[in-house]
Amino acid sequence: MTRVAVLGSTGSIGRSALEVIAAAPQRLQAVALSAHNNVDRLCEQARQYRPRWLAISDPEAAGAARGLGLPGCRLMTGPEALEQIAREPSVDVVLTAIVGSAGLRSTLAALEAGKRVALANKETLVVAGPLVMHLASRYGAQLLPVDSEHSALFQALQCGRREEVRRVVLTASGGPFRNWSADELETVTVAQALKHPTWQMGAKITIDSATMMNKALEIIEARWLFGLDADEIAVVVHPQSIVHSFVEYVDGSVIAQLSPPDMKLPIQYALDFPARWPGPAARFDWSQACQLEFEPPDFERFPALALGLEVARSGGTAGAVLNAANEAAVAGFLAGELPFTQIVPTCRRVLEQHDFEAQPGLDRLLALDGWARQEVSRCLCP
Ligand SMILES: NC(=O)c1ccc[n+]([C@@H]2O[C@H](COP(=O)([O-])OP(=O)(O)OC[C@H]3O[C@@H](n4cnc5c(N)ncnc54)[C@H](OP(=O)(O)O)[C@@H]3O)[C@@H](O)[C@H]2O)c1
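Take a look at the structure:
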């Protein structure tokens, strides 16, 4: 029985993870759940899954959960509660499904405790890739990707040796504005940006998919996770989101992973690697005709892609600044304080203004995270 802590259980990935866990009660058990402030959903999950620990990271929201009477369940509050759970000896796997750099400290804590980390929180690798990989290796922790593209690459990379890899290719759906002109992009509303054509996800990653910043973050994630050079990572647009990414080997072979767009599959694979079993993820019906299309991405209309490659090349403090600027700019867009087409240029401006350092420690990265958010807040029009 694998005991799983689901950090961010109330979110889109967290809820899918609980479906996977519920489908395999003889293999997986949810022993800890967390929310930031969605207390009602967390309590509902606690009644169904009976975890040993519950964490509410927003101290202001925690009051609402006290006195709810959840027998056998210890309630912990504040951001430190997530780190405590991540270190808990009777947790085997920590699924990090928190959105944004708020997931960084608990991921680092799980790695320091030598856990298996099923990493959905890509921002952790974007902010502190070298540090994360160093901790994983130092403490013998396993880091398994949940992002569907990286899960696909992880699987395809098992078909050859590192020196046999020519490059990896990340697929991108292209988001809801794949065919919109530059002029049309100027008119994008929040409601339009929140309608993803193939994936159901939380608000932040849905906006990132619309700007293609999500692919930029994934380039940086792949760079650190697989120890690749930025020049070994390419992106291709694949609107059906069925081929989740592929590896091109030096002999010309291309090894891909395919499945319907459903996060339950990469979650299950990361939680219970290397086992494969019939889980709740959607399957293909091969009796139906289907088409797979591929097209090159448009770097002009989606400037986030070039930014992602630049940051993957420079490393150092660049990832932390890009990530924080993007989180703040997306929040600004969702609040109606920044136009859609200003999200990426705002990130670039903040990145160019920052005082680059090649080998920063955690404190420096966290300080820059705060600085970048402040810089973006000056560009917002409330
Ligand atoms: N959704 C997908 O299909 C998908 C695919 C690949 C990768 N990912 C990655 O997975 C992560 C989660 O994405 P998501 O779509 O599941 O996001 P989401 O639906 O917005 O859920 C986010 C979760 O994090 C919690 N949270 C929010 N702010 C927090 C904070 N400051 N401190 C601690 N917890 C906080 C939320 O709690 P409350 O509910 O209480 O606010 C919720 O449980 C992201 O890094 C994303 O890039 C997602």
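Going by our numbering, the first residue of the sequence shown is number 11, and it counts up by one from there.
For each residue, glycine too, the CB sits at the ideal point set by N, CA and C.
Source: prediction; values computed, not measured.
Rounded Cβ spacing between residue 191 and residue 206 (contact assumed at less than 8 Å):
That belief does not hold up - the Cβ atoms of residue 191 and residue 206 are roughly 20 Å apart, past 8 Å.
Buried/exposed call for residue 199, threshold 16 Cβ in 10 Å:
exposed
Measuring only the C-alpha atoms, how far is residue 104 from residue 193?
44 Å
I need the boundaries of the alpha helix (DSSP H) containing residue 108, first residue and last residue.
Segment: none, residue 108 is in no alpha helix (DSSP H) and carries neither H nor E.
Please state if the CB of residue 137 and the CB of residue 180 are separated by a distance shorter than 8 Å.
no
Below 6 Å CB to CB, which residues in the same chain sit around residue 322 once its five sequence neighbours on both sides are set aside?
229, 230, 233, 240
Could you give the residue range of the alpha helix (DSSP H) that holds residue 161?
158-166
Assuming residue 327 and residue 376 make a contact with CB atoms under 8 Å, what is their CB distance in whole Å?
About 11 Å; that fails the 8 Å criterion.
Tell me, please, whether the stretch 125-133 touches the stretch 352-372 by the rule of three or more beta-carbon pairs shorter than 8 Å.
no
Give me the Cα-Cα distance between residue 324 and residue 84, rounded to the nearest whole angstrom.
44 Å
Roughly how many angstroms lie between the CA atoms of residue 341 and residue 214, to the nearest whole one?
8 Å
Quick one: what does DSSP say residue 59 is sitting in, helix, strand or coil?
helix
Measuring straight from C-alpha to C-alpha, what distance separates residue 173 and residue 68?
46 Å
Between the Cα of residue 21 and the Cα atoms of 36, 49, 32, 38, which residue gives the shortest distance?
49
Near residue 312, what residues of its chain come up, given a Cβ to Cβ distance below 6 Å and the 5 sequence neighbours on each side ignored?
222
Here's the rule: buried if 16 or more other CB atoms are within 10 angstroms of the residue's CB, otherwise exposed. What is residue 53?
buried
Does residue 155 come out as helix, strand or coil in the three-state DSSP assignment?
strand
Ignore the nearest five residues each way along the sequence and tell me which others in residue 162's own chain have a CB closer than 6 Å to its CB.
254, 255, 267
Element boundaries [alpha helix (DSSP H), containing residue 265]
Per DSSP, residue 265 belongs to no alpha helix (DSSP H); it is in the beta strand (DSSP E), 264-268.
I need the DSSP call for residue 260, collapsed to helix, strand or coil.
coil
Could you tell me whether any Cβ in chain D is nearer than 8 Å to the Cβ of residue 237?
Among the chains of the structure shown, chain D does not appear; only one protein chain is present.
Could you check what DSSP says for residue 98 in three-state terms: helix, strand or coil?
coil
Local conformation of residue 84 per DSSP, three classes
strand
Identify every residue that forms a DSSP beta bridge with residue 181.
246
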